[in-house]
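Participant: Following this message is one structure expressed as structure tokens.
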Amino acid sequence: MNRKITIAIDGYSSCGKSTMARALARRIGYVYIDTGAMYRAVTLYCLRSGLYSGGKLDTAALEKGIGGINITLTHDASTGGIITMLNGDNVEREIRTMEVSTHVSEVASLPFVRTALTEQQRSIGRDGGVVMDGRDIGTTVFPKAELKIFVTASAAVRARRRYLELQAKGEKADYDAILRNVEQRDYLDTHREVSPLRQAPDAVVLDNSELTPEQQDAWLLARYNEVTEGK
Ligand code: DC
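Take 16 as the starting number for the sequence shown in the working numbering and just add one per residue.
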């Protein structure tokens, strides 16, 4: 059997990274880890715990309390998906709301938050056999990952996908607000001081603006086969 490798999938928000990462993991029998869900869960914790007051985050209180935030990603046997748990609560739905999306970049820019989550991600992926998606997996979390993909698509294409996703879930969706959110997150993700989103020199770029999900899945599987052949 092939040795289990580490697969890092980084890129802009709403690029379809998690869909392709999840599909690949299922196909090859790897564990899928959505690191964005972990940053979203910390953000939800801040919102729930009243750490935002007048739109301002009490970072000192978050730093003090971060050790008590327990995030786990569990497998949902009924849907084959992943459920994000925050201190024992299923928050999978709540972490995808616009309110969390609006605040998450700020939380994700805090060095002590990144240190805590990076540590947890390294521990989960220690033995390989993981497909991990995020912004800094191939650059910071697993710089030695055997396969690194950098995903991109135009902001308009991504905003439209996000709009359709929210609509399908029966949630309120305003295309212009979503586009602004996508552009703002691109800016914040690429300009933060610690682990900004950037392409690792050895990453393979995938622009999926014009690809169907099936074409994208086939492309990704081909990259995986290239790397694992002969291992
Ligand atoms: O992939 P996503 O949109 O669910 O990620 C939510 C936010 O978390 C995103 O704005 C950037 C941040 N993030 C990060 O900084 N590092 C990661 N490895 C994953 C996500």
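Where a beta carbon is used, it is the ideal one built from N, C-alpha and C, also for glycine.
From a predicted model like this one, the values you see are computed outputs, not experimental measurements.
Starting from tyrosine 178, trace the beta strand (DSSP E) both ways and give me its first and last residue.
Facilitator: Working through the sequence shown from its first residue, we reach residue 178 at position 163. Looking at the DSSP string, tyrosine 178 is not in any beta strand (DSSP E); the run it does join, the alpha helix (DSSP H), is 170-183.
Participant: What residue from Glu186, Ala183, Asp201 and Ile164 has the CA that sits closest to methionine 35's CA?
Facilitator: Residue 35 sits at position 20 when you count from the first residue of the sequence shown. Closest by alpha carbon: Ile164.
Participant: Confirm the yes/no value for this check: CB of tyrosine 11, any heavy atom of the ligand DC, distance under 8 Å.
Facilitator: Only positions 16 to 246 of the chain appear in this structure, which leaves residue 11 out of reach.
Participant: What are the partner residues of histidine 90, as DSSP defines its beta bridges?
Facilitator: As a working note, residue 90 is residue 75 in the sequence shown. DSSP lists Ile97 as partners of histidine 90.
Participant: Mind checking which residues open and close the beta strand (DSSP E) that includes lysine 163?
Facilitator: As a first step, residue 163 must be located in the sequence shown, where it is residue number 148. Where lysine 163 is concerned, the enclosing beta strand (DSSP E) stretches over 162-167.
Participant: If you run the structure through DSSP and keep just helix, strand and coil, what is glycine 31?
Facilitator: As a working note, residue 31 is residue 16 in the sequence shown. Coil at glycine 31, not helix or strand.
Participant: According to DSSP, is asparagine 85 helix, strand or coil?
Facilitator: Against the sequence shown, residue 85 aligns to sequence position 70. Reduced to three states, the DSSP call for asparagine 85 is coil.
Participant: Quick one: what does DSSP say valine 146 is sitting in, helix, strand or coil?
Facilitator: The count along the sequence shown starts at 1 and reaches residue 146 at position 131. Looking at valine 146 - three-state DSSP - the assignment turns out to be strand.
Participant: Buried or exposed: where does lysine 79 fall if 16 or more other Cβ atoms within 10 Å of its Cβ makes it buried?
Facilitator: On the sequence shown, residue 79 is found 64 positions in, with the first residue counted as 1. Its Cβ having fewer than 16 others within 10 Å, lysine 79 is exposed.
Participant: Between the Cα of valine 209 and the Cα atoms of Glu121, Ala192 and Ala75, which residue gives the shortest distance?
Facilitator: Taking the sequence shown and counting its residues from 1, the one referred to as residue 209 is at position 194. Of the listed residues, the one whose Cα sits closest to valine 209 is Glu121.
Participant: Going by DSSP, which residues form a beta bridge with alanine 23?
Facilitator: To locate residue 23, count along the sequence shown from 1; it is residue 8. Alanine 23 is bridged to Met147 and Lys163.
Participant: Is glutamine 119 near the ligand DC, with its Cβ less than 8 Å from a heavy atom?
Facilitator: As a working note, residue 119 is residue 104 in the sequence shown. Reading off the sequence, residue 119 comes out as valine, not glutamine. It does: the Cβ of valine 119 is within 8 Å (strictly closer) of some heavy atom of the ligand DC.
Participant: How is asparagine 105 classed by DSSP in three states: helix, strand or coil?
Facilitator: Residue mapping note: residue 105 aligns to position 90 of the sequence shown, counting from 1. Note: asparagine 105 maps to strand in three-state DSSP.
Participant: According to DSSP, is tyrosine 47 part of a helix, a strand, or is it coil?
Facilitator: By one-based count along the sequence shown, residue 47 stands at place 32. Tyrosine 47 falls in the strand class under three-state DSSP.
Participant: If you draw a straight line from the C-alpha of arginine 176 to the C-alpha of tyrosine 67, how long is it?
Facilitator: The residue labelled residue 176 in the question sits at position 161 within the sequence shown. The residue labelled residue 67 in the question sits at position 52 within the sequence shown. Going from the Cα of arginine 176 to the Cα of tyrosine 67 covers about 29 Å.
Participant: Name the residue from Cys30, Tyr54 and Gly70 whose alpha carbon lies nearest to the alpha carbon of threonine 130.
Facilitator: Sequence index remark: in the sequence shown, residue 130 carries index 115 (1-based). Looking at the Cα atoms, Tyr54 is the closest of the given residues.
Participant: Roughly how many whole angstroms lie between the Cα atoms of alanine 218 and leucine 194?
Facilitator: Position 203 of the sequence shown, counted from the start, is the residue given in the question as residue 218. Position 179 of the sequence shown, counted from the start, is the residue given in the question as residue 194. Whole-angstrom Cα-Cα distance: 27 Å.
Participant: List the endpoints of the continuous alpha helix (DSSP H) containing leucine 221.
Facilitator: If you number the sequence shown from 1, residue 221 lands on position 206. Looking at the DSSP string, leucine 221 is not in any alpha helix (DSSP H); the run it does join, the beta strand (DSSP E), is 219-222.
Participant: At a cut-off of 8 Å, would you count glycine 96 as near the ligand DC, judging by its Cβ distance to the nearest heavy atom?
Facilitator: By one-based count along the sequence shown, residue 96 stands at place 81. Not so, every heavy atom of the ligand DC lies at least 8 Å from the Cβ.
Participant: Whole-angstrom Cβ separation of valine 57 and isoleucine 84, contact assumed at under 8 Å?
Facilitator: Here the question's residue 57 lines up with position 42 in the sequence shown. Here the question's residue 84 lines up with position 69 in the sequence shown. Sure, about 6 Å apart at Cβ, within 8 Å.
Participant: Determine the burial state of phenylalanine 127: buried for a count of at least 16 other Cβ atoms within 10 Å of its Cβ, exposed for fewer.
Facilitator: Position 112 of the sequence shown holds residue 127. With fewer than 16 other Cβ atoms within 10 Å, it is exposed.
Participant: Could you say which of Tyr178, Leu101, Pro228 and Asp191 lies nearest to leucine 88 if we only look at CA atoms?
Facilitator: Indexing the sequence shown from 1 puts residue 88 at position 73. Closest by alpha carbon: Leu101.
Participant: Between Ala188, Gly65, Glu241 and Pro158, which lies nearest to arginine 213 when the distance is taken from Cα to Cα?
Facilitator: Start at 1 with the first residue of the sequence shown, and residue 213 comes out as number 198. Checking every option, the nearest Cα to that of arginine 213 belongs to Pro158.
Participant: Hey, quick one: how far does the alpha helix (DSSP H) through lysine 79 stretch, first residue to last?
Facilitator: Position 64 of the sequence shown, counted from the first residue, corresponds to residue 79. Start and end: 74-80.
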